[in-house]
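A short worksheet on the structure shown next.
There are 2 protein chains.
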Amino acid sequence: MSNPTAAMLVIGDEILSGRTRDSNMNHLANELTKHGIDLCEARLVADDRAAIVTALKALSAAYDHVFTSGGIGPTHDDITADAVAEAFGVSIDVRDDARAILAAHYERQGSEFNAARMRMARIPEGATLIENPVSAAPGFRIGNVHVMAGVPTVFEAMVASVIPTLTGGAPLLSQSLRVERGEGEIAGPLGELAEAFPALSIGSYPFQRDGIYGANIVIRGADGAQVDAAMTRLCAIFGK
Amino acid sequence: MSNPTAAMLVIGDEILSGRTRDSNMNHLANELTKHGIDLCEARLVADDRAAIVTALKALSAAYDHVFTSGGIGPTHDDITADAVAEAFGVSIDVRDDARAILAAHYERQGSEFNAARMRMARIPEGATLIENPVSAAPGFRIGNVHVMAGVPTVFEAMVASVIPTLTGGAPLLSQSLRVERGEGEIAGPLGELAEAFPALSIGSYPFQRDGIYGANIVIRGADGAQVDAAMTRLCAIFGK
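The structure is reproduced here in structure tokens:
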């Protein structure tokens with residue numbers, strides 16, 4: 002049986018303008034890999050409602066799970082929740098449970114629970130809240146889409162609470178070997194190895210640093226004995 | 002007149018498994034922004050031919066330019082050139098000019114120009130080569146798609162040679178202000194500022210570090226005088 006599949010949608014002008022480097026995709030990728038869910042695709046779109054809706058529809062139809070990051074804060078450019086509601090064809094309004102969470106949080110902080118902050122209690126109809134232990138404003142799940150914050154500490158906390166609730170598959174095992182030879186020299190034997198182990202994924206990731214050309218060869222698969230066998234043969238090929 | 006649009010397609014299992022962090026998207030985003038080309042979308046897909054073909058067709062139809070990174074090396078998992086040929090419905094074979102570049106390179110290096118390396122001379126019919134000053138194996142352009150290497154030093158060198166050949170628009174100017182207040186407090190005045198300057202993009206990027214909550218407010222636009230005026234008003238609002 003193959004593993005559940007997933008896609009990620011990163012939302013935010015600041016990533017596409019180059020101002021900010023996204024780190025949430027890499028975090029999610031590592032957590033999903035450990036849990037046996039295959040991240041198959043990621044998309045980054047701007048704070049543009051039509052672009053978010055189009056991407057959400059395509060990804061939620063194609064994969065078992067979709068994870069979004071960004072655009073659920075209190076400011077005018079935070080339009081993710083509205084776009085998600087539109088993609089699912091449901092209404093969106095302030096919801097009592099989300100409002101109560103925020104009201105309690107701002108009371109503890111001694112901050113005003115103003116109109117902008119109230120926006121964060123707007124939840125699409127039928128969604129389930131995702132807890133935010135860092136700054137209270139919840140994410141939510143609707144259908145197979147998990148809507149989470151863009152601030153890395155909050156995103157990571159939400160991922161930690163969501164992933165254990167999902168059915169995982171076989172965690173992908175991997176072993177890697179660093180070879181200081183040009184890819185052109187290792188490509189031949191590597192292709193033969195890949196043919197001999199069709200159930201494994203064998204990747205070659207070239208590098209060049211301080212004038213040294215080489216590649217990291219990574220063998221991945223769910224069957225540990227096969228990964229071991231392929232790595233043993235790989236080491237023999239390259240005399241290690 | 003609005004700026005030319007662009008999308009990026011990052012190709013490689015290693016990014017989606019979390020093993021490697023992509024840095025090429027951020028580099029391209031910054032270079033395009035300086036040149037007045039708007040990066041509107043990015044997608045990351047695995048080394049999977051059908052996924053690459055589907056994404057290429059969608060992106061090349063929707064945007065003025067598409068930039069790809071990854072999958073043009075000599076190993077069995079490098080399938081980008083074949084996928085590009087399929088997406089454009091053209092044949093692919095070893096081409097004399099690409100072969101000559103590689104032959105000269107390996108002769109200088111004293112390395113064997115073997116079958117694996119010869120794969121890198123396979124170029125889709127009708128494509129134009131993109132120079133690779135780092136490791137010789139060329140990228141190529143076909144239609145509005147620029148196919149480049151995944152190794153960052155090579156990718157960056159190719160971007161440097163491609164971007165000056167493209168018609169740019171007005172470079173996006175930006176100014177930013179760091180405000181140490183929660184987004185919920187700044188959201189109201191910020192929304193009013195955004196309404197007063199509809200031609201500008203005003204973004205709020207929250208952070209929390211060492212217990213301090215705040216946001217970087219970024220004002221972007223092609224008209225420097227307007228950006229200045231909005232920043233002056235922003236500083237007045239937050240008493241700076």
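Sequence order for the protein chains is F and D. With this note's numbering as the guide, the letters of the first sequence map in order to residues 2 to 241. With this note's numbering as the guide, the letters of the second sequence map in order to residues 2 to 241. Positions of the beta carbon are idealized from the N, C-alpha and C atoms, including for glycine.
Next on the checklist: Below 8 Å on the Cβ atoms is my contact criterion, and I expect L228/F with Q176/F to pass it. Report the Cβ-Cβ distance as a whole number of Å.
Outcome noted: Translated into positions along the first sequence, residue 228/F becomes position 227. Translated into positions along the first sequence, residue 176/F becomes position 175. Correcting the residue type first, residue 228/F is Val in the shown sequence and not Leu. With a Cβ gap of about 6 Å, V228/F and Q176/F count as contacting.
Checklist entry - Exposed or buried, I12/F, counting other C-beta atoms within 10 Å across all chains shown (16 or more means buried)? => result On the first sequence, position 11 is the one that residue 12/F refers to. Classification of I12/F: buried, given that the 10 Å Cβ count is 16 or more.
Next on the checklist: For a test of the three-state rule: what should DSSP assign to A216/F, helix, strand or coil?
Outcome noted: As a first step, residue 216/F must be located in the first sequence, where it is residue number 215. It is a strand residue.
Next on the checklist: Distance check for G212/F and M149/F, CA to CA, integer angstroms please.
Outcome noted: Position 148 of the first sequence holds residue 149/F. Position 211 of the first sequence holds residue 212/F. One C-alpha to the other measures close to 42 Å.
Checklist entry - Would the beta-carbon of G204/D fall within 8 Å of that of D65/F? => result In the second sequence, counting from the first residue as 1, residue 204/D sits at position 203. In the first sequence, counting from the first residue as 1, residue 65/F sits at position 64. No, the Cβ-Cβ distance between G204/D and D65/F is not below 8 Å.
Next on the checklist: From the DSSP secondary-structure annotation, give me the bridge partner or partners of Q209/F.
Outcome noted: The residue you call residue 209/F lines up with position 208 of the first sequence. Paired residue(s): Y214/F.
Checklist entry - Under the DSSP definition of a beta bridge, which residues are partnered with L10/F? => result Counting from 1 along the first sequence, the entry for residue 10/F is found at position 9. DSSP output for L10/F lists R44/F and T69/F as bridge partner(s).
Checklist entry - Under three-state DSSP, which class holds P190/D? => result Against the second sequence, residue 190/D aligns to sequence position 189. Three-state result, P190/D: helix.
Checklist entry - How should C236/F be labelled, buried or exposed, when 16 other C-beta atoms within 10 angstroms of its C-beta is the threshold for buried? => result The residue given as residue 236/F occupies position 235 in the first sequence. Label assigned to C236/F: exposed.
Item to check | Beta-carbon proximity list for A231/F, same chain, < 6 Å, skipping 5 on both sides | outcome: Start at 1 with the first residue of the first sequence, and residue 231/F comes out as number 230. Excluding residues within five positions, the ones whose Cβ falls inside 6 Å are F198, L201 and I220.
Item to check | Beta-bridge partners of M149/F, as assigned by DSSP | outcome: As a working mapping, residue 149/F is identified with position 148 in the first sequence. Its beta-bridge partners are S70/F.
Checklist entry - For the putative contact between P5/D and I53/D, defined by C-beta atoms under 8 Å, what is the C-beta separation to the nearest angstrom? => result Against the second sequence, residue 5/D aligns to sequence position 4. Against the second sequence, residue 53/D aligns to sequence position 52. At roughly 23 Å, the Cβ-Cβ gap does not stay under 8 Å, so P5/D and I53/D are not in contact.
Checklist entry - Around the C-beta of R118/D, are 16 or more other C-beta atoms found within 10 angstroms, so that it is buried, or is it exposed? => result For this step, residue 118/D is matched to residue 117 along the second sequence. With 16 or more other Cβ atoms within 10 Å, it is buried.
Next on the checklist: Closest to P207/D by C-alpha separation, out of E184/D, V160/D, E193/D and A195/D, would be which residue?
Outcome noted: Taking the first residue of the second sequence as position 1, residue 207/D is located at position 206. Considering only alpha carbons, the answer is E184/D.
Next on the checklist: I'd like the span of the alpha helix (DSSP H) that includes F89/F, first residue to last.
Outcome noted: Position 88 of the first sequence, counting from 1, holds the residue named residue 89/F. Residues T81 to F89.
Next on the checklist: Let's see if you can read the secondary structure: which residues bound the alpha helix (DSSP H) around S61/F?
Outcome noted: Counting from 1 along the first sequence, the entry for residue 61/F is found at position 60. Residues R50 to A63.
Checklist entry - Looking at the unbroken beta strand (DSSP E) that takes in V180/D, where does it start and where does it end? => result Taking the first residue of the second sequence as 1, we reach residue 180/D at position 179. Note, V180/D: beta strand (DSSP E), L174 to V180.
Checklist entry - Closer than 7 Å, Cβ to any Cβ of chain D: which residues of the region 4-34 of chain F, in chain order? => result D14, E15, L17, S18, G19, R20, T21, R22, N27, A30, N31 and T34
Next on the checklist: Can you check which of these residues, E181/D, T81/D and F239/D, is closest to Y214/D by C-alpha distance?
Outcome noted: In the second sequence, residue 214/D corresponds to position 213, counting from 1. For Y214/D, the nearest C-alpha among the options comes from E181/D.
Next on the checklist: Can you check whether the C-beta of Q176/D is within less than 8 Å of a C-beta belonging to chain F?
Outcome noted: As a working mapping, residue 176/D is identified with position 175 in the second sequence. Not closer than 8 Å to any Cβ of chain F, the Cβ of Q176/D fails to qualify, so no.
Checklist entry - In chain order, what residues of the same chain have a beta carbon less than 8 Å from the beta carbon of R44/F, not counting five sequence neighbours either side? => result Here the question's residue 44/F lines up with position 43 in the first sequence. For R44/F, where only same-chain residues beyond five positions count, the Cβ hits under 8 Å are A8, M9, L10, V11, A56 and L60.
Next on the checklist: If you reduce the DSSP assignment to three classes, tell me which class D224/D lands in.
Outcome noted: The residue labelled residue 224/D in the question sits at position 223 within the second sequence. The answer is coil: DSSP assigns D224/D none of H, G, I, E or B.
Checklist entry - Do A128/F and F114/F have their C-beta atoms closer together than 8 Å? => result For the purposes of this step, residue 128/F is taken as residue 127 along the first sequence, with counting starting at 1. For the purposes of this step, residue 114/F is taken as residue 113 along the first sequence, with counting starting at 1. With a cutoff of 8 Å on beta-carbon distance, A128/F and F114/F are scored as not near each other.
Checklist entry - At a Cβ threshold of 8 Å, is V219/D touching chain F? => result Taking the first residue of the second sequence as position 1, residue 219/D is located at position 218. Answer yes: the Cβ-Cβ gap between V219/D and chain F drops below 8 Å somewhere.
Next on the checklist: Can you check which of these residues, N31/D, G72/D and D83/D, is closest to D48/D by C-alpha distance?
Outcome noted: What you label residue 48/D is simply residue 47 of the second sequence in a count that begins at 1. Checked all of N31/D, G72/D and D83/D; the closest Cα to D48/D is G72/D.
Item to check | Outcome for T166/F when other beta-carbon atoms lying within 10 angstroms are tallied against a minimum of 16 | outcome: Mapped onto the first sequence, residue 166/F falls at position 165. Its Cβ having fewer than 16 others within 10 Å, T166/F is exposed.
Checklist entry - Taking buried to mean at least 16 other C-beta atoms within 10 Å of its own C-beta, is G192/D buried or exposed? => result If you number the second sequence from 1, residue 192/D lands on position 191. The residue is buried, with at least 16 neighbouring Cβ atoms inside 10 Å.
Next on the checklist: Mapping the DSSP letters down to three states, classify I238/F as helix, strand or coil.
Outcome noted: Looking up residue 238/F in the first sequence gives position 237. For I238/F, the secondary structure class from DSSP, reduced to helix, strand or coil, is helix.
Item to check | DSSP three-state assignment for E142/D, whether helix, strand or coil | outcome: The count along the second sequence starts at 1 and reaches residue 142/D at position 141. Sequence check: residue 142/D is Arg here, not Glu. Judged by DSSP in its simplified three-state form, R142/D adopts strand.
Checklist entry - Is it buried or exposed for R179/F, if we count other Cβ within 10 angstroms and need 16 for buried? => result In the first sequence, the residue the question calls residue 179/F occupies position 178. With fewer than 16 other Cβ atoms within 10 Å, it is exposed.
Checklist entry - For a contact meaning CB atoms closer than 8 Å, what does L57/F contact in chain D? => result The residue given as residue 57/F occupies position 56 in the first sequence. Near L57/F there are no residues of chain D at all, since even the closest Cβ is about 13 Å away, more than 8 Å.
Next on the checklist: Comparing C-alpha positions only, which one of P134/F, V152/F, I143/F and D224/F sits nearest to L174/F?
Outcome noted: Along the first sequence, one-based indexing puts residue 174/F at 173. Nearest C-alpha to L174/F: D224/F.
Item to check | Endpoints, alpha helix (DSSP H) assigned at L103/F | outcome: The count along the first sequence starts at 1 and reaches residue 103/F at position 102. Counting along the chain, the unbroken alpha helix (DSSP H) around L103/F starts and ends at D97 to Q110.
Item to check | Straight-line Cα distance separating I80/D from V46/D | outcome: Translated into the one-based positions of the second sequence, residue 46/D becomes position 45. Translated into the one-based positions of the second sequence, residue 80/D becomes position 79. Straight-line Cα distance between these residues: approximately 12 Å.
Item to check | As assigned by DSSP and simplified to three states, the class of D229/F | outcome: Along the first sequence, read from residue 1 onward, the residue named residue 229/F stands at position 228. Correct three-state label for D229/F: helix.
Next on the checklist: So, under 8 Å CB-CB, P139/D and I93/D are touching, yes? Tell me the CB distance rounded to an integer number of Å.
Outcome noted: Position 138 of the second sequence, counted from the start, is the residue given in the question as residue 139/D. Position 92 of the second sequence, counted from the start, is the residue given in the question as residue 93/D. About 14 Å; that fails the 8 Å criterion.
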